[in-house]
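Residues in the sequence shown are numbered consecutively from 1, following the UniProt record's numbering.
Think of the CB as a built atom: it goes at the ideal place given N, C-alpha and C, for glycine as much as any other residue.
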Amino acid sequence: MSQLETSYILAFEITDRFYDAAIMMVIDDITEAIVVIVRGTLSGTDTLIDLIAVGEPLRDEDYNLPENEQLVAHSGMGRTAKNIVNRLLEDKWIESARELRPNYPLVITGHSLGAGLVSLMCVFLKPHFPEVKAYAFSPPGGLMNKNLADFTRDYLCSIVYGYDVIGHLDSQTVEDLRARIFHALCVYKTPKFWALSNHICLAITRNLLCKSKLPPLIRINAKTRSKLIDPDMNDAFETPIGSKFKPYFKDRAIGATKVDRLYPSDRSLMRWKNPNCHSLLVLPRPYPRSLYPESLLEPKKQNFYTLDLMAESMLRPIPSSRLLHLIEVDKEFEIKGVEPYNKRGYVPPPIALWTNADTFNSVLVHPKMIFNHSPIHVSTALNRLYNDIMHPEKIYGKIHINTYYQEVEPVKGIERKITKKDRDRYCRVRKLK
1 MSQLETSYIL AFEITDRFYD AAIMMVIDDI TEAIVVIVRG TLSGTDTLID
51 LIAVGEPLRD EDYNLPENEQ LVAHSGMGRT AKNIVNRLLE DKWIESAREL
101 RPNYPLVITG HSLGAGLVSL MCVFLKPHFP EVKAYAFSPP GGLMNKNLAD
151 FTRDYLCSIV YGYDVIGHLD SQTVEDLRAR IFHALCVYKT PKFWALSNHI
201 CLAITRNLLC KSKLPPLIRI NAKTRSKLID PDMNDAFETP IGSKFKPYFK
251 DRAIGATKVD RLYPSDRSLM RWKNPNCHSL LVLPRPYPRS LYPESLLEPK
301 KQNFYTLDLM AESMLRPIPS SRLLHLIEVD KEFEIKGVEP YNKRGYVPPP
351 IALWTNADTF NSVLVHPKMI FNHSPIHVST ALNRLYNDIM HPEKIYGKIH
401 INTYYQEVEP VKGIERKITK KDRDRYCRVR KLK
């Protein structure tokens, strides 16, 4: 898969131990670097590490600092990152690679869980290898607090592709999504079995008859649509089911019944959340605090990782301070006097934006929210972006996911006639306004 010769793979370890992960170290003569790669979630042990999402001080010295100065990270990934770094240092992995390439710097990279791990590993590796750089592809959202993000800004770069849901996930956004789903079930009056059965039939019809433009079976009036777009939990609390939750809302330590989440105007699927909105919705439990089990009242004492503890232990977590967002575009860039290339099957190159990590503080439900997390789709998008940045005058065909690792040839006989001004603005990495 990596297309590397075996002589360039210096180490490769797969483990089933808890608080550990599969890693590989290679020599990359193209970029002239020693690269340590950490695998993403693949086993049950990896999944358990993902789920231990309580915020915890990352370094030993952070326990002695005031809370507002601590570097706080996802506890499962923080402990795993520390164990991996200890093994790298004890077994002298990097030193052995330096014997072969003494002038090569250290680069660490990973995807998904691996992205979260390398984002934290770089903190422990920095004192030993000052030149270290970390590249995290599709990292999880609830990874670190603002202090840690600022601390790693100079040597950590994170990349998120499209509608990837993992970059939006943390305990607070999951709780917010649960509240939004409950609100939708209460506000939407159509019987749910009827809606689900009709949509299942519609999906089967589209697949069998290849009909992509069938009329919608369920129509939502404007009032209900506005409620679903900008939910207010008080609307749900007025329904028979929601009224059972309303008296106990005050028992929840964080969260709100209504948040100012949306931009007032000019919204799009990739630019819809107000980054200044930090409060999220919360769904109370349908019983009073006096009936809470001891594991909910004192989770730290009982050593229980409850959802409340996860949400309260790390407020406003973000994936990174330096976050590059790859976004697909609907059509080819328009250049004055040049006919756009719109051949069937052609996919225009994506654009890349340096974005505000706070815009990921809410789950965006979209059909591509899972597919955009795939490492193959991320690699394909990066290859397309690289090709068009390096050669904006050339047009590259679609990159198939089965051959994404192969070098792509441009379309023969066709070039974009662009000026230097167009070249400078075409498909570059931009800063989000």
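- To the nearest angstrom, how far is it from the Cα of Ile9 to the Cα of Glu131? Position 9 of the sequence shown, counted from the first residue, corresponds to residue 9. Position 131 of the sequence shown, counted from the first residue, corresponds to residue 131. The alpha-carbon atoms of Ile9 and Glu131 are separated by roughly 21 angstroms.
- Message: Between the alpha carbons of His183 and Leu281, how many angstroms are there, rounded?
- Response: Position 183 of the sequence shown, counted from the first residue, corresponds to residue 183. Position 281 of the sequence shown, counted from the first residue, corresponds to residue 281. Approximately 10 angstroms between the Cα atoms of the pair.
- Message: Considering only DSSP beta bridges, list what Val35 is partnered with.
- Response: Within the sequence shown, numbered from 1, the residue matching residue 35 stands at position 35. Answer is Val26 and Val107, bridged to Val35.
- For Ala195, count neighbouring Cβ atoms within 10 angstroms of its own Cβ and tell me buried if that reaches 16, exposed if not. In the sequence shown, the residue the question calls residue 195 occupies position 195. Exposed is the call here.
- Task: Answer with buried or exposed for Lys273, where buried requires no fewer than 16 other C-beta atoms within 10 angstroms of its C-beta.
- Result: Within the sequence shown, numbered from 1, the residue matching residue 273 stands at position 273. Buried, since its Cβ has 16 or more Cβ neighbours within 10 Å.
- Task: Compare the Cα-Cα distances from Arg267 to each of Thr359, Ala253 and Val187 and report the closest residue.
- Result: As a position in the sequence shown, residue 267 is number 267, starting the count at 1. The candidate whose alpha carbon is nearest that of Arg267 is Thr359.
- Every unbroken beta strand (DSSP E) inside the stretch 307 to 391 [3 residues or more]: 323 to 327 and 351 to 355
- Message: So, with DSSP's three-state summary, where would you put Glu5?
- Response: Stepping through the sequence shown from its first residue, residue 5 is reached at position 5. Here Glu5 sits in coil by DSSP.
- Query: What do you reckon, are the CB atoms on Leu120 and Ala81 nearer than 9 angstroms?
  - Reply: Within the sequence shown, residue 120 is the residue found at index 120, counting from 1. Within the sequence shown, residue 81 is the residue found at index 81, counting from 1. Going by C-beta atoms, Leu120 is nearer than 9 angstroms to Ala81.
- Query: Going by alpha carbons, who is nearest to Ile23 out of Glu5, Asp46 and Thr31?
  - Reply: For the purposes of this step, residue 23 is taken as the residue at position 23 of the sequence shown. Checking every option, the nearest Cα to that of Ile23 belongs to Asp46.
- Just checking, does the stretch 196 to 205 make contact with the stretch 407 to 419 on the three C-beta pairs under 8 angstroms criterion? no
- Along the chain, where does the alpha helix (DSSP H) that runs through Gly78 open and close? Here residue 78 refers to the residue found at position 78 when the sequence shown is read from its first residue. That run of the alpha helix (DSSP H) goes Ser75 to Glu90.
- Under the three-state reduction of DSSP, which class applies to Glu56: helix, strand or coil? For the purposes of this step, residue 56 is taken as residue 56 along the sequence shown, with counting starting at 1. Here Glu56 sits in strand by DSSP.
- Message: On the criterion of 16 or more Cβ atoms from any shown chain inside 10 Å, does Thr31 qualify as buried, or is it exposed?
- Response: Here residue 31 refers to the residue found at position 31 of the sequence shown. Exposed is the call here.
- Item | Assigned secondary structure, Lys258 (DSSP; H/G/I helix, E/B strand, else coil) | To locate residue 258, count along the sequence shown from 1; it is residue 258. Strand.
- Query: Between the stretch 157 to 172 and the stretch 308 to 326, do at least 3 Cβ pairs fall closer than 8 angstroms?
  - Reply: yes
- Straight-line Cα distance separating Pro102 from Lys368: Within the sequence shown, residue 368 is the residue found at index 368, counting from 1. Within the sequence shown, residue 102 is the residue found at index 102, counting from 1. Roughly 43 angstroms between the two C-alpha positions.
- So does the stretch 240 to 253 actually touch the stretch 134 to 147, counting three or more Cβ pairs closer than 8 angstroms? no
- Message: For Leu42, which residues in the same chain have their Cβ closer than 7 angstroms to its Cβ, ignoring the five residues on either side in sequence?
- Response: Looking up residue 42 in the sequence shown gives position 42. Closer than 7 angstroms at the Cβ level, and outside the excluded window around Leu42, lies no residue.
- Helix, strand or coil: how does DSSP classify Lys394 here? Looking up residue 394 in the sequence shown gives position 394. Strand, per DSSP.
- Query: What residues are listed by DSSP as bridge partners for Leu156?
  - Reply: What you label residue 156 is simply residue 156 of the sequence shown in a count that begins at 1. BP columns for Leu156 point to Ala134.
- Query: What is the DSSP secondary structure of Leu71, counted as helix, strand or coil?
  - Reply: In the sequence shown, the residue the question calls residue 71 occupies position 71. Coil, per DSSP.
- In terms of DSSP beta bridges, what is Phe12 paired with? What you label residue 12 is simply residue 12 of the sequence shown in a count that begins at 1. Bridge partners of Phe12: Met24.
- Proximity below 9 angstroms, CB of Gly76 to CB of Asp50: Here residue 76 refers to the residue found at position 76 of the sequence shown. Here residue 50 refers to the residue found at position 50 of the sequence shown. Cβ distance < 9 angstroms, so Gly76 and Asp50 count as in contact.
- Could you check the C-alpha separation between Met25 and Ile37 for me, to the nearest Å? On the sequence shown, residue 25 is found 25 positions in, with the first residue counted as 1. On the sequence shown, residue 37 is found 37 positions in, with the first residue counted as 1. For Met25 and Ile37, the distance between alpha carbons rounds to 6 angstroms.
- Give a yes or no on whether the C-beta atoms belonging to residue 435 and His373 are separated by under 9 angstroms. The requested residue 435 does not occur in the structure, where the chain is confined to residues 1 to 433.
- So Glu407 is in the beta strand (DSSP E); what residue range does that whole segment cover? Here the question's residue 407 lines up with position 407 in the sequence shown. Premise fails: Glu407 is in no beta strand (DSSP E) and is neither H nor E.
- Query: Alpha carbon to alpha carbon, what distance is there between Gly40 and Ile94?
  - Reply: In the sequence shown, counting from the first residue as 1, residue 94 sits at position 94. In the sequence shown, counting from the first residue as 1, residue 40 sits at position 40. Answer to the nearest angstrom: the Cα atoms are 21 angstroms apart.
- Message: If you reduce the DSSP assignment to three classes, tell me which class Lys433 lands in.
- Response: Counting from 1 along the sequence shown, the entry for residue 433 is found at position 433. Unreliable placement is indicated for Lys433, whose pLDDT of 44 sits below 50; the coordinate value is still reported in the next sentence. Residue state, collapsed to three classes: coil.
- Would you call the CB atoms of Ser279 and Arg153 closer than 9 angstroms? The sequence position of residue 279 within the sequence shown is 279, counting from 1. The sequence position of residue 153 within the sequence shown is 153, counting from 1. The answer is no: Cβ separation not under 9 angstroms.
- Message: Starting from Met233, trace the alpha helix (DSSP H) in both directions and tell me its first and last residue.
- Response: Locating residue 233 in the sequence shown gives position 233, counting from the first residue. Note, Met233: alpha helix (DSSP H), Met233 to Phe237.
- Using a threshold of 9 angstroms, state whether the C-beta atoms of Asn83 and Asp20 are closer than that. The sequence position of residue 83 within the sequence shown is 83, counting from 1. The sequence position of residue 20 within the sequence shown is 20, counting from 1. A contact, by the Cβ cut-off of 9 angstroms.
- Query: When burial is assigned at 16 or more other CB atoms within 10 Å of the CB, is Tyr135 buried or exposed?
  - Reply: Stepping through the sequence shown from its first residue, residue 135 is reached at position 135. Label assigned to Tyr135: buried.
- What are the start and end residues of the alpha helix (DSSP H) that includes Val165? Taking the sequence shown and counting its residues from 1, the one referred to as residue 165 is at position 165. Note, Val165: premise wrong, no alpha helix (DSSP H); not H, not E.
- Query: CA-CA distance, Arg271 and Ser362?
  - Reply: The count along the sequence shown starts at 1 and reaches residue 271 at position 271. The count along the sequence shown starts at 1 and reaches residue 362 at position 362. Cα-Cα distance, rounded: 12 angstroms.
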